[in-house]
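**Student:** Residue numbers (our numbering): 358 to 831.
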Ligand code: BYC
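(1) Which residues bound the alpha helix (DSSP H) around residue 532?
(2) As a quick exercise: from 699, 722, 719 and 693, pick the residue whose alpha carbon is nearest that of residue 709.
(3) Give the single residue among 664, 705, 695 and 696 whose Cα lies nearest to the Cα of residue 687.
(4) State yes or no: is the C-beta of residue 396 within less than 8 Å of the C-beta of residue 504?
(5) According to DSSP, is residue 695 part of a helix, a strand, or is it coil?
(6) Please indicate yes or no: does the CB of residue 611 lie closer than 7 Å to some heavy atom of the ligand BYC?
(7) Helix, strand or coil: which one does DSSP assign to residue 611?
(8) Could you tell me which uninterrupted alpha helix (DSSP H) segments, each at least 4 residues in length, are contained entirely in the segment 566 to 640, listed from first to last along the chain?
(9) Check whether the segment 450 to 459 touches the segment 579 to 590, taking contact to mean three or more Cβ pairs, one atom from each stretch, closer than 8 Å.
(10) By alpha-carbon positions, which one of 405, 430, 553 and 786 ends up nearest to residue 363?
(11) Regarding residue 673 and the ligand BYC, is the C-beta to nearest heavy atom distance less than 7 Å?
(12) Please say whether residue 654 and residue 756 have beta carbons closer to each other than 8 Å?
(13) Pick from 360, 625, 426 and 420: whose alpha carbon is nearest that of residue 390?
(14) Alpha carbon to alpha carbon, how far is residue 716 from residue 768? Give it in angstroms, no decimals.
(15) With H, G and I counted as helix, E and B as strand and the rest as coil, what does DSSP make of residue 752?
(16) Among 486, 514 and 515, which residue has its Cα nearest to the Cα of residue 501?
(17) How is the alpha helix (DSSP H) around residue 780 delimited, first residue to last?
(18) Just checking residue 543 against the ligand BYC - is the residue's beta carbon closer than 7 Å to any of the ligand's heavy atoms?
(19) Can residue 712 be considered in contact with the ligand BYC, in the sense that its beta carbon sits closer than 7 Å to one or more heavy atoms?
(20) How far does the alpha helix (DSSP H) with residue 676 in it reach, from first residue to last?
(21) DSSP three-state label for residue 810, please.
(22) Check residue 663 in the structure and name its three-state DSSP category.
(23) Who are the near neighbours of residue 813 in its chain, counting only those whose CB is closer than 6 Å to its CB and skipping five residues on each side?
(24) State the Cα-Cα distance for the pair residue 539 and residue 439, rounded to the nearest angstrom.
(25) For residue 473, is the beta carbon positioned less than 7 Å from some heavy atom of the ligand BYC?
(26) Relative to the ligand BYC, is the shortest distance from any of its heavy atoms to the C-beta of residue 507 smaller than 7 Å?
(27) Using only alpha-carbon positions, find the residue among 762, 473 and 446 that is nearest to residue 680.
(28) Specify whether the segment 553 to 573 and the segment 479 to 495 touch according to this definition: at least 3 beta carbon pairs, one from each stretch, less than 8 Å apart.
(29) Determine the burial state of residue 608: buried for a count of at least 16 other Cβ atoms within 10 Å of its Cβ, exposed for fewer.
(30) In three-state DSSP terms, what is residue 418?
(31) Using a Cβ distance threshold of 8 Å, determine whether the segment 585 to 600 contacts the segment 731 to 751, with at least three qualifying pairs required.
(32) How many angstroms separate the CA atom of residue 805 from the CA atom of residue 492?
(33) Given the structure, does residue 378 come close to the ligand BYC, in the sense that its CB is under 7 Å from one of the ligand's heavy atoms?
(34) In chain order, what residues of the same chain lie with their CB nearer than 6 Å to the CB of residue 656, ignoring the 5 residues before and after it?
(35) The ligand BYC heavy atoms versus the CB of residue 655: any closer than 7 Å?
(36) What separation, rounded to the nearest whole angstrom, lies between the Cα atoms of residue 779 and residue 601?
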């Protein structure tokens with residue numbers, strides 16, 4: 358069970374280590390200042406119907422109730438320890454899982470933890486303004502739930518930094534509160550986390566695409582031979598599922614609404630659809646292209662010696678590592694990666710050890726494909742002849758073998774000029790963003806009401822009705 362008596366809720370017996378407890382209690386007000394500064398705008402007094410972790414057991418972790426967000430009980434929750442656990446891959450395979458950081462991997466491990474930790478506050482910063490244009494009280498509650506949990510994920514990484522990395526760890530924990538998404542001088546570490554999330558379509562796409570990178574990266578870290586990292590990631594994954602649900606159902610509801618309006622009014626062309634105040638499917642496709650491509654970059658280079666090193670040293674595994682039937686060393690295996698040679702995309706086989714980023718990206722793409730086909734079903738059911746497609750893996754990439762090349766969504770290698778001529782057919786143009794934002798100029802807060810451009814959800818949260826008072830505005 359979780360200790361809620363201490364200032365910092367935890368299930369790691371924090372009270373036993375006074376020095377650590379004091380260090381974290383020192384970081385806590387800095388975190389609250391950060392939340393005040395960059396958390397959801399104008400939300401301080403709202404009472405939000407939120408879930409809070411009460412136990413890390415799979416069946417009973419969430420308790421729902423009204424909470425003012427600055428009073429949310431952010432804390433440190435790790436999955437219970439399995440005494441028998443071993444390092445399951447790399448050269449240390451078969452050794453007992455590490456309970457302390459192995460000296461030779463200290464800086465690598467710190468870097469992975471910092472990179473993971475950096476994304477969490479970044480996403481809160483990116484979503485700061487969205488409450489002011491929420492399509493319903495139900496959606497407002499969901500974004501706040503996502504935000505407080507990203508805050509908790511930051512706590513999860515900060516705990517590891519403080520507990521296992523001494524002074525360097527404490528300094529890194531401070532820097533996590535100092536960087537800012539999109540800041541010219543002190544930006545967040547990874548590309549996608551410096552992109553704006555300017556509207557709710559972007560938010561749902563982000564939680565569908567980018568939070569799912571979170572899932573796959575956390576799954577890979579949950580395999581880590583460094584046991585405290587594995588255990589904290591396992592618990593984070595239980596929270597991540599709701600974020601992806603918010604994204605997937607949010608986009609589904611937008612598509613549903615658009616299709617309903619198209620059918621009722623017998624219109625198909627984008628300008629006619631827009632004239633009816635909903636988001637045309639072409640614009641949804643462009644948002645999809647954008648979020649998919651910037652998220653693919655988050656997996657790093659296709660061929661990466663960093664990734665090989667993380668694996669060999671037992672720090673970061675593959676997706677579902679222990680379910681894979683091979684030597685877990687990858688000494689002789691190869692893996693296909695693409696590259697652009699002489700204006701053509703060609704496949705080549707490289708040592709699998711160096712292609713682990715690409716492999717994780719491919720695992721991710723498979724899951725994305727099924728999500729997109731669920732969206733497609735809504736369109737098909739409405740009898741509308743429109744196909745949502747995933748662009749080619751090389752489209753609009755800034756990291757890896759495709760960076761610096763100009764690939765169309767269909768996978769043709771183009772000149773820069775040809776690509777630029779078409780880019781606004783593929784990615785949202787300033788006009789597309791303005792149109793979407795014009796629909797979201799104010800917030801909808803009447804209980805049970807939804808903005809014109811989105812369908813209501815099928816059900817509410819925690820068995821409550823859709824028109825439940827999920828946020829009390831006070
Ligand atoms: N943007 O060898 P390479 C989440 C850098 S999301 C900018 O390819 P590596 C969440 C790289 O740092 C999950 N820079 O990279 C979602 C390196 O820099 P240096 C977050 C990039 O190390 C929604 C250089 O390029 N977790 O949780 O194999 C809401 C060469 O890189 C990018 C993690 O990412 C980029 N996109 O792989 C909230 C897990 N990509 O050394 C939360 C931890 C690469 O030359 N991170 N670079 O200065 C990792 O495992 C690895 O750092 C990466 C990169 C997979 C990200």
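Here a beta-carbon is modelled for each residue, glycine too, at the ideal position from N, C-alpha and C.
Bear in mind that the values here come from a model prediction, so they are computed numbers and not experimental data.
**Tutor:** Let me lay it out:
(1) Per DSSP, residue 532 belongs to the alpha helix (DSSP H) from 523 to 535.
(2) The alpha carbon of residue 709 has as its nearest neighbour, out of 699, 722, 719 and 693, the alpha carbon of 693.
(3) 664
(4) yes
(5) strand
(6) no
(7) helix
(8) 584 to 622 and 627 to 632
(9) Yes, since at least three Cβ pairs between the segment 450 to 459 and the segment 579 to 590 fall closer than 8 Å, the two stretches touch.
(10) Selected option, being the one with the closest Cα: 430.
(11) yes
(12) Judged by beta-carbon spacing, residue 654 lies within the 8 Å limit of residue 756, meaning their Cβ atoms are closer than that value.
(13) 426
(14) 19 Å
(15) coil
(16) 486
(17) Residues 773 to 783.
(18) no
(19) no
(20) Counting along the chain, residue 676 falls outside any alpha helix (DSSP H), and DSSP gives it neither H nor E.
(21) coil
(22) Note: residue 663 maps to helix in three-state DSSP.
(23) 807 and 823
(24) 40 Å
(25) yes
(26) yes
(27) 446
(28) yes
(29) buried
(30) coil
(31) no
(32) Taking C-alpha positions only, residue 805 is separated from residue 492 by approximately 11 Å.
(33) no
(34) These residues qualify, in order along the chain: 714, 717 and 718.
(35) yes
(36) Going from the Cα of residue 779 to the Cα of residue 601 covers about 31 Å.
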